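Visitor:
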Amino acid sequence: TVKGQEERHYAFYTDSIREQMVEEINIQSRFSDALKNKEFIVYYQPKVNLSADSFDSAEALVRWQDKSGRVISPASFIPVLEKNFLISTLDQYVFREVCILMQNRLKSGLPVIPVSVNVSKIQFYNPDFVRIYSSIKEEYQIPDGLLEIEFTESACFENTEYFLEIIAKLHEHGFLCAMDDFGKGYSSLSMLKDIPIDVLKLDSLFFVSSPDSKKDLTVIRGIISMVKELQIRTVAEGIEHKEQVDFLKNIGCDTIQGYYFYKPMPEDDFTALLNGIGK
Ligand code: C2E
Ligand code: MG
Ligand code: MG
Ligand code: MG
């Protein structure tokens, strides 16, 4: 009967909600042990500068490798950590790991490149955020211009005045500032003229539809030329195909981050790549 079906659907619905809650509680309760046991590891994805035709920077991306060796992607645990403010602890941990790697290489006279880290909105609105990050940067004696903070456009909309203040302070302390996932939310282009960011990362959503969709290409071309006029560097994310690379190069996009060139890689592979610079 129809009634029977409804009941089944209802039962299915509550089951999946329950499963989700169990999963969330599971992640929360495992978090601090996982952190202590070094189950969170940092991967690095090189970004390719199109005018130099080689990588010139990278993004740090966290992974959770549990005791069984299974690698859990951030998409499945970050939203849970965001609900519990645990994300700030993780963001800071990743940032410190990046500083440790850089300091080791700088001390040994090995090549380094700028690295960006992601900062969740919760961390961004932590009143101690800039103080903590700048003191870690100083602790590891990282020179200005080597560390970049990525935040999402929603961090900017929440409270524009506070946002501008944070950007100014980050700049004072020698950080570069990047807006991540541009185009995913409600950002408007006109807003960009008022916010002094260094880098705009165009979300992969821009590039998912077939590369010969003329309208999309016109939009991307327009965005990139306007952003360039504002002296903001453009990074295109999620680029997997040669046609996309050719098009982006043609319209003056500065940098590409995508599987076409490099996937996120463990630290050892990343340092091997860096060691090859200038050889
Ligand atoms: P994001 O910051 O926008 O990072 C880019 C994501 O796109 C990464 O996913 C990267 O692996 C993926 N990607 C890069 N190129 C390609 C490509 O060509 N094709 C495809 N299909 N994907 C590509 P990942 O590593 O799974 O991270 C997902 C998101 O998790 C990140 O998106 C970021 O928002 C968040 N995240 C990662 N690490 C951290 C962290 O330490 N702190 C915070 N707060 N968030 C983080
Ligand atoms: Mg990012
Ligand atoms: Mg992004
Ligand atoms: Mg993204």
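Residue numbers 356 to 634, in UniProt numbering, belong to the letters of the sequence shown in order. For glycine and all other residues, C-beta sits at the position ideal for the given N, C-alpha and C. From a predicted model like this one, the values you see are computed outputs, not experimental measurements.
Determine the burial state of T356: buried for a count of at least 16 other Cβ atoms within 10 Å of its Cβ, exposed for fewer.
Guide: Any answer about T356 is weak, because its pLDDT of 47 lies below 50 and its placement is not dependable; what the coordinates show is given next. In summary, T356 is exposed, with fewer than 16 beta-carbon neighbours lying within 10 Å of its beta-carbon over all protein chains present.
Visitor: From this set, S412, S580, V582, which residue's C-alpha is nearest I632's C-alpha?
Guide: Closest in C-alpha terms to I632, from the list S412, S580, V582, comes S412.
Visitor: What is the rounded straight-line gap between the Cα of Y495 and the Cα of D421?
Guide: 28 angstroms
Visitor: Going along the chain, which residues of its own chain have a beta-carbon closer than 6 angstroms to the beta-carbon of M457, five neighbours each way excluded?
Guide: V467, I497
Visitor: What are the boundary residues of the alpha helix (DSSP H) that M534 is part of?
Guide: That residue, M534, is in no alpha helix (DSSP H); its beta strand (DSSP E) goes 531-537.
Visitor: Any chance you could list the residues with Cβ under 6 angstroms from a heavy atom of ligand 2, keeping chain order?
Guide: E414, N473, E505, D535
Visitor: Taking all protein chains shown into account, decide if D408 is buried (16 or more other Cβ within 10 angstroms of its Cβ) or exposed.
Guide: exposed
Visitor: If we count the other Cβ atoms within 10 Å of its Cβ and call it buried at 16 or more, is residue 301 buried or exposed?
Guide: Since the first residue shown for the chain is 356 and the last is 634, residue 301 is missing from the structure and cannot be characterised.
Visitor: What are the residues that DSSP puts in a beta bridge with M620?
Guide: Y399
Visitor: If I measure Cβ to Cβ from I433 and keep anything under 7 angstroms in the same chain, skipping five residues before and after, which residues do I get?
Guide: The residues are I442.
Visitor: Please state whether DSSP places F410 in a helix, a strand or coil.
Guide: strand
Visitor: What I want to know is whether the C-beta of K422 ends up closer than 7 angstroms to one or more non-hydrogen atoms of ligand 3.
Guide: no
Visitor: V554 by DSSP, collapsed to three states: which one?
Guide: strand
Visitor: If I'm right that G607 touches K583 with Cβ under 8 angstroms, what's the distance once you round it to whole angstroms?
Guide: 6 angstroms
Visitor: Going by CA-CA distance only, name the one from R460, E437, K492 that's closest to V474.
Guide: The shortest CA-to-CA distance from V474 to any of R460, E437, K492 is the one to E437.
Visitor: Nearer than 7 angstroms: is that true of the beta carbon of Y488 relative to any heavy atom of ligand 1?
Guide: Y488: no, Cβ never under 7 angstroms from ligand 1.
Visitor: Cβ of D558 versus every heavy atom of ligand 3: is any distance shorter than 7 angstroms?
Guide: yes
Visitor: So, is K556 buried or exposed, given that buried needs 16 or more other C-beta atoms within 10 angstroms?
Guide: buried
Visitor: Mind reading off the beta-carbon distance from K548 to L585? Whole number of angstroms is fine, and I expect it under 8 angstroms.
Guide: 6 angstroms
Visitor: Which partner residues does T589 have in the DSSP bridge list?
Guide: L555
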